[in-house]
Structures are given as C-alpha cells and as structure tokens.
Amino acid sequence: MVPSRRNSQTWLPDFFNDFFDNNWMERSNATAPAINVLEDENKYELELAAPGMTKEDFVVTLDEEGDLVIKMEKKQDNKEEKKHGHYLRREFSYTKFQQTMLLPDDAEREKIEATVEHGVLKVNIPKKEKIQPEKKVKTIEIK
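Numbering (this note's numbering), first residue to last: 12 to 154.
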C-alpha cells in the first residue's frame with residue numbers, strides 16, 4: 012500500500028523496495044492525520060488518527076484504478092446568540108483531508124471493511140487466499 016496524493020502538485024516517488032516504505036515522502040501538511048499500516052499473514056490494517064471525527068465525517072471508496080481513497084470532511088459552526096444585529100462571538104471550523112492508498116496485488120478489494128472508534132478510522136483489508144497447487148503422487152508402472 013503506497014500513499015499518494017492527487018492534487019495540483021504532481022510528483023512521483025523514486026522506486027522503493029517495499030509497498031509500505033514511505034520514508035521518501037515528506038509530510039507536506041503537518042495537520043494531516045497520522046496513518047499506521049499493519050500487516051499480518053491474513054490482512055492489512057490501516058489506522059488513521061482523527062480525534063473528534065465520527066463515521067459520518069468519512070467516505071472510504073475504491074477508485075477506478077482499484078486504489079483506496081479516504082476522504083474526511085468536518086464542518087463545524089459554533090454559533091452564539093446575536094445581540095443588536097452583530098455577533099459577539101462566532102467561530103467557524105472546517106477540516107478536509109483526502110488520501111489515496113495504492114493497494115498491493117494481494118489485497119482482497121471486494122472484502123474491505125472500515126470502522127471508526129474513539130477517533131480512529133480502521134480499514135481492514137483482507138489478503139487473497141493463496142491457493143496451493145495440489146500435489147499429486149503418480150505411480151509409474153514398471154514394465
């Protein structure tokens with residue numbers, strides 16, 4: 012799984028040895044959520060830290076190329092009462108984030124699941140089952 016951004020900046024990383032090696036990528040936005048990627052023999056698990064976000068704030072999709080796209084958007088409008096035609100205090104907050112992850116070939120794209128718990132988005136990406144060829148023992152007749 013390789014993180015890539017699709018925006019007005021166009022860049023490509025150099026070749027890398029591992030799908031999960033992202034040492035080449037400098038963090039361009041210090042406020043972007045931290046992402047962890049875990050792997051075991053059966054799955055990949057992506058964790059994205061997003062304190063204060065709920066499942067309604069996320070959209071997780073696969074794009075036309077089969078890449079994982081995570082979008083997060085939170086609009087917050089904290090209004091306090093109007094006094095005499097002008098606001099004594101009014102604050103707006105807006106957070107938007109999008110990340111595209113290139114999935115490895117062994118990812119089971121049709122079985123991806125996502126949950127949000129305690130401000131962490133978890134995306135479970137199962138691996139395809141490895142089919143072991145049957146080993147058939149054949150006895151050769153001796154003539």
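Note that beta-carbon positions come from the ideal geometry of N, C-alpha and C, so glycine has one too. In this text, all values refer to a predicted model and were calculated from it rather than measured experimentally.
Practice task
Could you spell out the range, first to last residue, of the beta strand (DSSP E) harbouring Ala60?
Solution key: Lys54 to Ala60
Handout entry: Limits of the unbroken beta strand (DSSP E) element including Glu124
Key = Glu124 to Glu128
Problem - Residue of Ile81, Thr72 and Arg100 minimising C-alpha distance to Ala45 - result: Ile81
Handout entry: Residue span of the beta strand (DSSP E) that contains Val10, given as start and end
Key = It is not possible to answer for residue 10, since the shown part of the chain is limited to 12 through 154.
Problem - Burial state of Leu114 (16 or more Cβ within 10 Å) - result: buried
Exercise for the section: Express the C-alpha separation of Glu52 and Val127 in angstroms, rounding to a whole number. Expected result: 23 Å
Practice task
Within the same chain, show all residues whose beta-carbon is closer than 6 Å to that of Ile151, passing over the 5 residues directly before and after it, in chain order.
Solution key: none
Exercise for the section: Indicate whether Glu50 and Asp68 have their beta-carbon atoms separated by less than 8 Å. Expected result: no
Practice task
Ignore the nearest five residues each way along the sequence and tell me which others in Ser39's own chain have a CB closer than 7 Å to its CB.
Solution key: Residue placement at Ser39 is poorly supported in this model, since its pLDDT is 47, which falls under 50; the coordinates still yield a value, given next. Once the five neighbours on either side are set aside, Ser39 has no close Cβ partner at all.
Practice task
Compute the Euclidean distance between the alpha carbons of Lys141 and Gln109, then round it to the nearest angstrom.
Solution key: 32 Å
Handout entry: Distance, Val134 Cα to Thr72 Cα
Key = 11 Å
Practice task
Go ahead and pull the three-state DSSP assignment for Glu121.
Solution key: helix
Handout entry: Euclidean distance between Cα positions of Met64 and Leu132
Key = 9 Å
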